[in-house]
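Participant:
Protein chains in written order, with the working numbering: chain W, 9 to 362; chain F, 8 to 579.
1. Helix, strand or coil for residue 166/F, going by three-state DSSP, please let me know.
2. With a cut-off of 8 Å, does the C-beta of residue 75/W fall near any C-beta of chain F?
3. Count the other C-beta atoms from every protein chain shown that fall within 10 angstroms of the C-beta of residue 534/F, then say buried if there are 16 or more, exposed otherwise.
4. Considering just the uninterrupted stretch of the alpha helix (DSSP H) at residue 352/W, what are its terminal residues?
5. Does the Cβ-Cβ distance between residue 415/F and residue 41/F come in under 8 Å?
6. Taking any Cβ of chain F, which residues in the segment 312-335 of chain W have a Cβ under 8 Å from it, in chain order?
7. Kindly list, in the order they appear in chain F, the residues whose Cβ is closer than 7 Å to that of residue 85/W.
8. Can you check whether the CB of residue 174/F is closer than 8 Å to the CB of residue 226/F?
9. Quick check: is the beta carbon of residue 250/W nearer than 8 Å to any beta carbon in chain F?
10. Going along chain F, which residues have a C-beta under 9 Å from residue 280/W?
11. Which same chain residues, not among the five before or five after residue 465/F, have their C-beta less than 6 Å away from its C-beta?
12. Are the C-beta of residue 30/W and some C-beta of chain F separated by less than 8 Å?
13. Looking at the strands, I want to know which residues DSSP matches up with residue 148/W.
14. Going residue by residue through the segment 111-153 of chain F, where are the continuous alpha helix (DSSP H) segments of at least 4 residues, counting only ones entirely within it?
15. With a cut-off of 8 Å, does the C-beta of residue 222/W fall near any C-beta of chain F?
16. Cβ of residue 94/W less than 8 Å from any chain C Cβ?
17. For residue 440/F and chain W, any beta-carbon pair shorter than 8 Å?
18. Along chain W, in chain order, which residues have C-beta atoms closer than 8 Å to that of residue 135/F?
19. Name the residue from 81/F, 69/F and 216/F whose alpha carbon lies nearest to the alpha carbon of residue 280/F.
20. With DSSP collapsed to three states, give me the class of residue 397/F.
21. Rank 563/F, 557/F and 568/F by C-alpha distance to the C-alpha of residue 124/F and give the top, closest one.
22. Restricting to runs no shorter than 4 residues, where is the alpha helix (DSSP H) found entirely within the segment 171-230 of chain F?
23. Report all residues from its chain with a CB closer than 6 Å to the CB of residue 330/W; omit the five preceding and five following residues, and keep chain order.
24. In angstroms with no decimal places, state the Cα-to-Cα distance between residue 54/W and residue 307/F.
25. Check distances from the C-beta atoms of the segment 547-561 of chain F to those of chain W and list, in chain order, the residues that come in under 8 Å.
26. Which word fits residue 569/F, buried or exposed, when buried means at least 16 other C-beta atoms lie within 10 angstroms of its C-beta?
27. Taking DSSP's pairing of strands, which residues face residue 50/W in a bridge?
28. Which residue's Cα is closest to the Cα of residue 349/F: 218/F, 340/F and 355/F?
29. So, helix, strand or coil for residue 56/F, using DSSP?
30. What are the residues that DSSP puts in a beta bridge with residue 102/F?
31. Considering just the uninterrupted stretch of the alpha helix (DSSP H) at residue 276/W, what are its terminal residues?
32. Examine chain F for any beta-carbon lying closer than 8 Å to the beta-carbon of residue 139/W, and answer yes or no.
33. Contact between the segment 273-292 of chain W and the segment 350-357 of chain F is defined here as three or more beta-carbon pairs at a separation below 8 Å; is this criterion met?
34. Within the same chain, show all residues whose beta-carbon is closer than 6 Å to that of residue 156/W, passing over the 5 residues directly before and after it, in chain order.
35. Using a Cβ-Cβ distance under 8 Å, would residue 526/F count as near chain W?
36. Exposed or buried, what is residue 159/W when buried is set at 16 or more other beta-carbons lying within 10 Å of its beta-carbon?
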């Protein structure tokens, strides 16, 4: 009897030792921070995201200082601080900026976190510089109250090839914005020609020229949906990001339909990466492991209506998001885009903007 | 002292040497080296200078047209704003117009708001769907509802929105006019408008010079008005500069274009400075009397002047009123320019106030702006004092033009220059890394406000009566004592007014803060920008308006506290 008890105790002790071992290698949301302060840069910190994240992370022992800025400003800051990095971790942004940071050697590659395999295929960086957390479809949106699905454009080129749409769509003239840049990339990469100017064929430049020439330029301080809803303007469609659709429809009483091109649509992939030169590498790795986990990304999606890149967390996203993000991703060479987008935008600003 | 007086030998005092060292260091370390460093990375990206950016710009029809438009707008705006600005000052300070106090408040509204919101305010009236346009369409159904666009629309909006400097500095100058000169001229039989032209306006010249230069620069670097009402036919160069400055690989174009604007500005400054050096414009009276408002003697002219004054009042005030009203609606109402009772809401105010409710960003911005305003004021007052005392020395010119350097580059690039210069240990910054510290943003704030402060403070020094200083010296006062007890009190109202304007300009700053703010201490501009630019809040547009109203309130309070009080001291 005593032997039996001793055996049971021994097994229990062994188990407990084993389970402690497991706890030490906790994964996902079970990872705890050590309280070392991490400086996080992001463009995705508004609407209470920053505060929510700081609080939620504190519950698990992370001490975060979150700096929130526009994507372009975050990019410029990281570039400018290269010699003496301030940030440890950066999240958000989009594939174009991620690839630019990689090419400047500003990120450090790291071993895939445990959740990396749960992310939809093709969204993580193949070389391990960043891993995807949220995806956002960049679509051509129109108002179903003013144009039926049959009459609406099916793909971007319809806008300039079909005269019926001339003067009815808005072209965003802010070339530093993430969404316009994704639209430009989505159009120009259809015309890649290594012999052409800046890697784009003449046909491609004519297309982008026609896109701007036949559209209505956006107005500073007035958003697309205000133009769509305004009976005094002819605008009924334009570029949109998927997570904005629901709220804009609510606000403006519009009913958004989107073009579903055969080639797919560009996705702005928000990711998470670690800054080259961070002094808190271990804590940064722990944070990434925690932050990208299905649990935390699911909570994030529920809080802020985003579409997680993590397929397990994706179930937490609302129906409209799921439907919009079901459109296939356009096959785009983001490294090529990152290398050229500045030059493309410069050419557009010099020659094609209305 | 005449312009050709023999040079005084500078006495080397310990204080003088310290100041010399400070200015040499400041100019090199903060103004010249970071910007040179930036220009080097921009123009010599591949190790060698290339003319490619110049060719790119010359080839671009769009860039050339925009540049041309800027150079059309600069001079024409100087004229129209000058005319309106002078008439505002005359209507409120010189002629006896009924209700002048109310009129003045109306004319001063441009001091508390600007940029996109201001132009939006005008669009609520004149734009497509605006109130005036709707009314006109009732009478002329065939007119173009988008009539308010292009050069004339830009000129119109900017003419009425760029009179702030007139309302402060020209008005100050007008109040300093010695009424005895006016009376003397009248006693000699001069007519009312002859006196105005030959006695009053000449005294205003130094200030008029200074504000005209500022107007010219404003016209050259116009941004919001062309963007909002310029249409496709009248775009100016600054929006393009901003786009290029925000794009990593296009900074060479941004730098080149702003150098073109900056050099034009410098050329103008140089010409104006030469003219300024030529003569004295101040009255020689020792015991000045306060101006008494003139009743316009010709009854017809009097009626016309009153009508003119009140038409101007309406033009100035209605946009502000509309912005305040629209700030209580949502983005939809703003976008469609329809004001209905049903869209009235307080939610936006609640949202914004809650979001900035931890008052940290407010405090951070107030501290930064106040500190920067004081520091830049102190630097410039000392510099101006030197320049005033040593008008013809080379060092004076070097000092003056060095402090104008920030006019050569857009704010974004100055901020980037600082960031790139001080993220490594530099000998000229005592081996301190500044990136990521609180101080770098303060330095940037000081730098970007230098040229404006310099120009306006210098005007104040130039309209000083030399006799005051001579008298103090004859009574045996030392240089420092004279400055502290005689000169400084006289220029104080202007210095305070400039500080208030600088404070108001900085409190909402975004361009510099974006790159330099400390992660734990975001400024107000950064905080608000993130709310209004939030992709997932379709009400961002409405928030912009509320933000503008909030800023109006802060600006108005600051102006009242600082300038209002400076004003009353002035009266004494």
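Cβ atoms here follow ideal geometry from the backbone N, Cα and C, with glycine treated the same way.
Facilitator: Concretely, from the data shown:
1. helix
2. Yes, residue 75/W counts as interfacial toward chain F.
3. Classification of residue 534/F: buried, given that the 10 Å Cβ count is 16 or more.
4. Per DSSP, residue 352/W belongs to the alpha helix (DSSP H) from 342-355.
5. no
6. 312 and 313
7. 522
8. Contact: no.
9. Not an interface residue.
10. For residue 280/W, there are no neighbours in chain F by C-beta distance under 9 Å, as the nearest C-beta there is about 17 Å away.
11. Around residue 465/F: 391.
12. Note that residue 30/W scores a pLDDT of 45, beneath 50, so its modelled location is shaky and nothing firm can be said.
13. 247/W
14. Listed in chain order, they are 122-133 and 138-146.
15. no
16. Protein chains in the displayed structure are W and F, and chain C is not among them.
17. yes
18. 240 and 241
19. The alpha carbon of residue 280/F has as its nearest neighbour, out of 81/F, 69/F and 216/F, the alpha carbon of 216/F.
20. coil
21. 557/F
22. 178-182, 186-194, 199-202 and 208-227
23. none
24. Between residue 54/W and residue 307/F, the alpha-carbon positions lie close to 60 Å from each other.
25. 547, 548 and 551
26. Buried, since its Cβ has 16 or more Cβ neighbours within 10 Å.
27. 76/W and 99/W
28. 340/F
29. coil
30. 301/F
31. That residue, residue 276/W, is in no alpha helix (DSSP H); its beta strand (DSSP E) goes 275-283.
32. no
33. no
34. none
35. yes
36. Classification of residue 159/W: exposed, given that the 10 Å Cβ count is below 16.
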